[in-house]
Structures are given as C-alpha cells and as structure tokens.
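Peer 1:
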Amino acid sequence: MNILILGSGGREHALAWAVQQNPKCDKLIVAPGNAGIAQMCDCAAININDGDAVVSLASDHAIDFVIVGPEEPLARGIADTLREAGFLVFGPSKKAAQLEASKSFTKEICDAANAPTAAYAHFTDGDAALTYVREQGAPIVVKADGLAAGKGVTVAMTLPEAEAAIIDLFTNEGAEVVIEEFMDGEEASFFVLSDGETLLPIGTAQDHKRAFDGDAGPNTGGMGAYSPAPVMTDDVTQKALNEIVAPTMAEMANRGMPFEGVLFVGLMIKGGQPRLVEYNVRFGDPECQCLMMRLGGQVLDLLQACAERRLSEMQVNWADDHALTVIMATDGYPGAYEKGSVIKGLDALIEDSKNMVFHAGTTAKDGAITGTGGRVLAVTARDATLKAARDRAYTSTQQIDWPEGFYRTDIGWRAL
Ligand code: AMP
Ligand code: GLY
C-alpha cells in the first residue's frame, strides 16, 4: 500500500513512525514533513492547503491512502477534494470539520444532541458582549469565533480581563465571540475514531498547556503529554462516549454531515462527570506522540478501516502500558524566538519501540539538525508504568545538547 501523510509536526512524525511499522505499508511519503521525518521516508515540499497540489502528488505516486494530520487543510476541504478525485482518505469532510473550525456550530450541535457542556452565548456585537459579561461576572471564558478564531481563548478570572479580551477581539471587523460559563475540574483528552456510524475509542491523554513548570507562564500548543489519563476511568469514559460523543455523532449524521476521522474530545471532569470543553477533528499534538507509541503498527489497520467504513470489524489491541512525551521548545516560545540553532546529541540516542524523539520543528542544514520552530522535539518513551516512561523520556532530554532550547521538568506530575 502506498501511503501519503499530510503535515509537518511531531504528530505527523509519530503517525509516520507507527504506519511504517505495519507490513502493509510499501511506500510512505509525508508532505511537507520535516528533518526527522526525512530520515525515515521521502518528504514532498508542497503546500498541503492547495488541493490541486495534493491531488497531483497523490496521483504521481500512485497513492492508495491519504492520512491528513492538521486541521487547516481539513477545514478548507482537503478530504472532500481527495475523495472527489477517487482517493481513500482518513479525515473528515469540510462540513464535519466545522466541529473544530466553528465554536458556535459546535455549541449548536451540542444543544441539539443534549451533550453536557458549558452554558454559552454568541455575539457579533461588542457592546452586547460587554453587557452580557457584566451581568454574568467572572470567572468567565471568552472565545473568538469565525473570522477572528486565530486569537483564541481567554479564561478570565476577573471581569476586567474578560472586558479587555472582548474589546480586543472586536477591534477586528466582523468579529464573532462565544462567551462561556467557566468550568472547573480536571481536563483530559479522549480520542475516538468514527466512520460515520461506528465509534471506536483509541485512547486518552492529558497534556500540559502552560510553558513552564508548575503550570506557570503563557499558554502553548502543549509542552508535554501522557497516556492514559488516570481521570478517564472506565465509568467517566463510558459517560463521555454515551452522553457526549455518540449523540454528537448521531446529530452530525442526521444533518447529512457524518463525521469520518478521529474526534479529539476535550473534556472537563468534576465529581466523575465529564463535560465537553471542545472538539478537534484531528489527533492532538503532542498527545498523538503518546498514542502512536502505545498503538504502534495497528494504527494503519485502524485508520484504513475507519476510512473504508469498516470500524465495526475492528478492535484495539491494548498493552497495559503508559507513554509520556516531553516537548523541547526554542527559548522564547510561545513568543518570538530565534531560528537555526544547532541541536546535538540526537544520533547517540537509542530509538526503538519504546524510545523515540519525534521532530516537530527541525530542518537539516549542512549535515546538522537545527531548530526552526517553536516546539522542536517531542521526546517520547513508553513503559509498564508512567513513572518508568517519564524517567526514560527525561534521561533522553538530558542527553540532547541544545543550549537554545528549554523543556518542562514536571510532565506527568499530576498522575505520578
Ligand atoms: P479551547 O480552544 O476551546 O480548547 O480552549 C483552550 C483551553 O481553555 C482549554 O483547553 C481549557 O483549558 C480552557 N477552557 C476553554 N473553555 C473553558 C471553559 N468553559 N471553562 C474552563 N476552561 C476552559
Ligand atoms: N495539544 C492540543 C492540541 O493539539 O490542540
């Protein structure tokens, strides 16, 4: 089978690593990939948001199966474009990808599905939004929607913070804002494959969003993760599946936009009751690195069965193990940072089925690996206990010689 993976992060390196272990994988190409991925397979430097470029790459290489990593091409409709061109694809349609691209769409679906989530209101007018938060008081959560979605989420612990976030968002013409009730509890991520009909859970994880130890500093894309998430007990997992995921998926199918792909369910759990924080329509990064390390080569069979709408035939073969990943980021991230510093010590590391350094933001230059992204490496280990996985991941980070980089030293602390 010839396989094309779209994306260039640690998530895609981990996907490629797992897929390549499956004997069904004859040829693997990752577009655009990165320096770590290029050490294991061919990379193709194309713009993956350009449907024509992706279709012609897939045609040129007689690709049998395309796996889409990031959300942006999905939200732009790459899965539809590829399906129309006759390719087998893992990833939701543009309509189904609204579950990540539009917060107000997701809220509307959750209302219709009766899925437990935060109470909310949607605004296209700044003054109305300000009046509403003054009535509600803090803590409260302000989320950009629609055109301004890049500006993200403010969890405002005080009213002035909420007001400032709203004023900032409405400096943009055509801004849309969702204001949500603040939910207290412990966060976890739940990953579920859906082929439009059958659901198959494929793991849980917890990540660390703040930049520095002790959950201090600014929010990032994720500084480390571990799987499984202890808070996701069998009971909480069943509740999340029955009360949140299944009704959402049924509502999507009823609306003629069945969700096909991996649903990343962000949950807040308190007193054994999960509530939805958000959906994403792809694997999490760096959660994926932990999931791939635990699942290994069977991932290809699972993703293929999902794309072929055969999930009802599948089951996940779980080992009773734990995985943990530590992100090494460039000094300054998530703010401004310098690009091009040299990372040494990677060649000496042992890489096997239990230890992997997945690359996220690297470039090969003059025979050296350089850091060219904010998040640069995902140092990942798997073992029988979380503590053993943690210890081995940190043994590897200490062997990596990169003065311009930093990492958190407390990944997994909540669970240890
Ligand atoms: P989102 O982009 O919706 O995932 O939000 C980013 C982060 O903000 C989440 O991972 C949570 O940590 C936090 N967050 C979002 N919505 C809420 C909420 N209603 N209550 C508490 N925290 C939230
Ligand atoms: N780690 C969070 C995300 O991938 O969105």
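Numbering of the sequence shown is given in numbering that gives the first Met the number 0, commencing with residue 0 and proceeding in unit increments. By construction, the Cβ of each residue, glycine as well, lies at the ideal position given by its N, Cα and C atoms.
Run through the DSSP bridge pairs and tell me what V176 is partnered with.
Peer 2: F122 and A143
Peer 1: Just to confirm my understanding: we take A84, look at its own chain, exclude 5 residues before and 5 after, and list those with CB closer than 6 angstroms. What are they?
Peer 2: V54
Peer 1: Ends of the alpha helix (DSSP H) at L56?
Peer 2: G50 to D59
Peer 1: Measure how close the beta-carbons of G260 and R374 come, nearest whole angstrom, since I'm counting them as under 8 angstroms.
Peer 2: Incorrect: roughly 23 angstroms between the Cβ atoms, too far for contact.
Peer 1: Below 8 angstroms, can you find three or more Cβ-Cβ pairs linking the stretch 118-129 to the stretch 162-181?
Peer 2: At 8 angstroms Cβ cutoff, the stretches touch.
Peer 1: CB I77 to CB G50, shorter than 7 angstroms?
Peer 2: yes
Peer 1: Below 8 angstroms, can you find three or more Cβ-Cβ pairs linking the stretch 246-262 to the stretch 95-115?
Peer 2: yes
Peer 1: Is the separation between the beta-carbon of F263 and that of F169 shorter than 7 angstroms?
Peer 2: no
Peer 1: May I ask you to check if the CB of G90 is nearer than 6 angstroms to at least one heavy atom of ligand 2?
Peer 2: no
Peer 1: Collect the residues with a C-beta less than 5 angstroms away from any heavy atom of ligand 2 and give them in sequence order along the chain.
Peer 2: D206, G221, G283 and D284
Peer 1: Would you say the beta carbon of G223 is closer than 6 angstroms to some non-hydrogen atom of ligand 1?
Peer 2: no
Peer 1: Considering only the beta carbon of each residue, do G184 and I268 sit closer than 7 angstroms?
Peer 2: yes
Peer 1: Closer than 6 angstroms to a non-hydrogen atom of ligand 1 - does that hold for the CB of M39?
Peer 2: no
Peer 1: Tell me the residue span of the alpha helix (DSSP H) that contains A392.
Peer 2: L385 to Q398
Peer 1: Just checking my contact of E286 with D206 at CB under 8 angstroms: how many whole Å lie between their CB atoms?
Peer 2: 6 angstroms
Peer 1: Which residues in the same chain as A74 place their Cβ atom closer than 6 angstroms to its Cβ, once the five residues preceding and following it in sequence are excluded?
Peer 2: A96 and A100
Peer 1: Are the stretch 385-400 and the stretch 16-36 in contact at 8 angstroms, needing three or more beta carbon pairs?
Peer 2: no
Peer 1: May I ask you to list the residues that DSSP assigns as paired with Q205?
Peer 2: Y225
Peer 1: For K142, is the classification buried or exposed, using 16 other Cβ atoms within 10 angstroms of its Cβ as the cut-off for buried?
Peer 2: buried
Peer 1: Can you have a look at E11 and say buried or exposed, based on whether 16 or more other CB atoms are within 10 angstroms of its CB?
Peer 2: buried
Peer 1: In or out: I166 buried (at least 16 other Cβ within 10 Å) or exposed?
Peer 2: Burial call: exposed.
Peer 1: Cβ of A117 within 6 angstroms of any heavy atom in ligand 1?
Peer 2: yes
Peer 1: Taking 6 angstroms as the cut-off, does the CB of G265 come closer than this to any heavy atom belonging to ligand 1?
Peer 2: yes
Peer 1: Please list, in chain order, all residues of the same chain as D63 whose beta carbon is under 6 angstroms from its beta carbon, the five residues on each side excluded.
Peer 2: M0 and N1
Peer 1: Per DSSP, which one or two residues make a beta bridge with S340?
Peer 2: G370
Peer 1: Around the C-beta of L399, are 16 or more other C-beta atoms found within 10 angstroms, so that it is buried, or is it exposed?
Peer 2: The residue you asked about is not Leu; residue 399 is Ile in the sequence shown. Classification of I399: buried, given that the 10 Å Cβ count is 16 or more.
Peer 1: In chain order, which continuous runs of the beta strand (DSSP E) of length 3 or greater are located wholly inside the stretch 1-40?
Peer 2: Assignment of beta strand (DSSP E) within the stretch 1-40, counting only whole runs of 3 or more residues, yields 1-6 and 26-31 in chain order.
Peer 1: Taking 6 angstroms as the line, does the beta carbon of M156 fall inside it for any heavy atom of ligand 1?
Peer 2: no
Peer 1: Taking only three categories from DSSP, how would you classify P217?
Peer 2: Residue state, collapsed to three classes: strand.
Peer 1: To which residues of the same chain is K238 closer than 6 angstroms at the C-beta, ignoring the five residues directly before and after it?
Peer 2: P273
Peer 1: Cutting at 6 angstroms between CB atoms, please list the residues of its own chain near G6, excluding the five before and the five after it.
Peer 2: G68 and P69.
Peer 1: If I follow the unbroken beta strand (DSSP E) through N354, where does it start and stop?
Peer 2: N354 to H358
Peer 1: Evaluate contact between the stretch 325-333 and the stretch 212-231, counting only Cβ atoms and requiring at least three cross-stretch pairs below 8 angstroms.
Peer 2: yes
Peer 1: Examine ligand 4 and report whether any of its heavy atoms sits within less than 6 angstroms of the Cβ of E286.
Peer 2: Ligand 4 is not part of the structure shown, which contains ligand 1 and ligand 2 as its ligands.
Peer 1: For V280, which three-state DSSP category applies?
Peer 2: coil
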